[in-house]
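Asks:
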Amino acid sequence: MIYFLTVNYYSTPLIEQLIRSIPTNLDISYKIVIVNNSIDDPTLQQLQTPFLQILQAPTNLGFGKACNLGLHWIYSQDSNAIVWIINPDTYLPENTLEKVPIFFQTHPDVSILGTLIYTPTGNIWFAGGRFVPQRGAILSLDLLSCDPETTYIPCDWVSGCSLLLNLRHFQTCPQFDPAYFLYYEDFDFCRRYAMQGHQIAITSQLAVIHQPSSITNRHIAQKYQHSTYSYLLTLERYTNKWILLMRFGRLLFHTFILLVLKPKTAFGKLAGISYYLRRVLSVKP
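Counting in our numbering, the sequence shown runs from 330 upward without gaps.
(1) From Cys408 to Leu496, what does the alpha carbon distance come to, in whole angstroms?
(2) Taking 8 Å as the cut-off, decide whether the C-beta atoms of Leu456 and Asp476 are in contact.
(3) Exposed or buried, which one is Ala530 when buried takes at least 16 other CB atoms within 10 Å?
(4) Any contact of the stretch 563–583 with the stretch 522–542, i.e. 3+ C-beta pairs under 8 Å?
(5) Once you ignore the five residues that flank Leu381 on each side, which residues in its own chain have a CB closer than 6 Å to its CB?
(6) Report yes if the C-beta distance between Ser559 and Tyr512 is below 8 Å; otherwise report no.
(7) Tell me the rounded alpha-carbon separation between Ile431 and Leu445.
(8) Phe510 and Gly399 - do their beta-carbons sit closer together than 8 Å?
(9) Relative to the C-alpha of Met330, which residue among Glu478, Glu427, Asn397 is closest?
(10) Counting beta carbon pairs with one atom in the stretch 359–374 and one in the stretch 481–500, are three or more of them shorter than 8 Å?
(11) Is the distance from the Cβ of Ser367 to the Cβ of Asn416 below 8 Å?
(12) What residues in its chain sit with their C-beta under 8 Å from that of Ile357, if we drop five residues either side in the sequence?
(13) Grouping DSSP H, G and I as helix and E and B as strand, with all else coil, what is Gly489?
(14) Taking the alpha carbon of Tyr616 as the reference point, which residue from Gln346, Gly597, His401, Phe518 has its own alpha carbon closest?
(15) Determine the direct distance from the alpha carbon of Thr435 to that of Gln551, and round the result to whole angstroms.
(16) Note down, in chain order, each residue of its chain lying with its Cβ closer than 7 Å to the Cβ of Pro422, except the 5 sequence neighbours on either side.
(17) Would Ser405 be called buried (16 or more neighbouring beta carbons within 10 Å of its own) or exposed?
(18) Looking at Ser350 and Tyr420, is the spacing between their C-beta atoms short of 8 Å?
(19) What is the DSSP secondary structure of Leu573, counted as helix, strand or coil?
(20) Tell me whether Ile467 is buried or exposed, calling it buried when 16 or more other Cβ atoms sit within 10 Å of its Cβ.
(21) Alpha carbons only, please: which of Leu492, Ala595, Ile383 is nearest the one belonging to Val439?
(22) Would you mind listing the beta strand (DSSP E) stretches within the stretch 377–403 that are 3+ residues and don't spill past its ends, in chain order?
(23) Check each candidate in Gln385, Ile403, Pro387 and name the one with the smallest Cα separation from Phe333.
(24) If I follow the unbroken alpha helix (DSSP H) through Phe333, where does it start and stop?
(25) Nearest-angstrom Cα distance between Asn354 and Asn424?
(26) Which residue's Cα is closest to the Cα of His498: Asp515, Ala523, Phe596, Gly458?
(27) Using DSSP bridges, identify the partner residues of Ile357.
(28) In chain order, what residues of the same chain lie with their CB nearer than 7 Å to the CB of Leu599, ignoring the 5 residues before and after it?
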């Protein structure tokens, strides 16, 4: 069974496009699970399909916590399922769904699988992630073009925009860290489970088409607040204090420059920095 898991935040038209891209005439069992983070938006209830399950969040949980709600529900239904976590502002190219069971039958050792992510114009938006802890560098690289014949390539992290989980490898329900509201939760998720021995990989066999920032750019200041806080939290966890201080200083310098050039972006970053510093001070003995 394949479960598509997506999070709604006032994105019903986008989710309709995603649902339309999933074929219904194939002999493949699947279900679409939507966690609704916008509880005052009635339009989501207008979606009609026998393959649909809507889970209501009590409030806007952010991405990771909302995914956790959906993952708990799916794991209780079928702990051996394949879960495709997918952004609402994506859709599948033709002849995609049938490749999913074939991949995991052929490569059963992969626990967390990322897909190619294209923009609507056909450019590659994501094709694998590397992490260089000695520099604190979280890199999005095209790992697949260098070896187009390979089925998949192990990597350090993959994007939560389009991420597949083979649940049979997890003794308990996999979860995102609730400390992250938005951004970098996918990186943290991959690194935590990689350290537990799970194989992380990116494949060229599966792809989605994604309109970058079609949702988060609605609220620029909030976008940069969450991304800045999550970035600093991630550096704290996966680098050393000197790398964190160096990156923090660079971030602060660029933020003050942006106060003149892009004030909304700058104020969002300052809010994220402030939130992070309050967290650091609150946990000190």
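All C-beta atoms, glycine included, are put in the ideal place defined by N, C-alpha and C.
What you are looking at is a predicted structure, and each value in this text was computed from that prediction instead of being measured.
Replies: Let me lay it out:
(1) Note that residue 408 is Ser in the sequence shown here, rather than Cys. Ser408 and Leu496: Cα-Cα distance of roughly 6 Å.
(2) Sequence inspection shows Ala at residue 456; the Leu mentioned does not correspond to that position. Contact: no.
(3) buried
(4) no
(5) Ile361
(6) yes
(7) 17 Å
(8) no
(9) Glu427
(10) no
(11) no
(12) Ile331, Leu426, Glu427, Val429, Pro430
(13) coil
(14) Absent from the model: residue 616. The displayed extent of the chain is 330 to 614, so no value can be given.
(15) 42 Å
(16) Ala536, Ile538
(17) exposed
(18) yes
(19) helix
(20) buried
(21) Leu492
(22) 381–385
(23) Ile403
(24) No alpha helix (DSSP H) holds Phe333; the beta strand (DSSP E) holding it covers 331–337.
(25) 11 Å
(26) Ala523
(27) Ile357 is not bridged to any residue.
(28) Thr584
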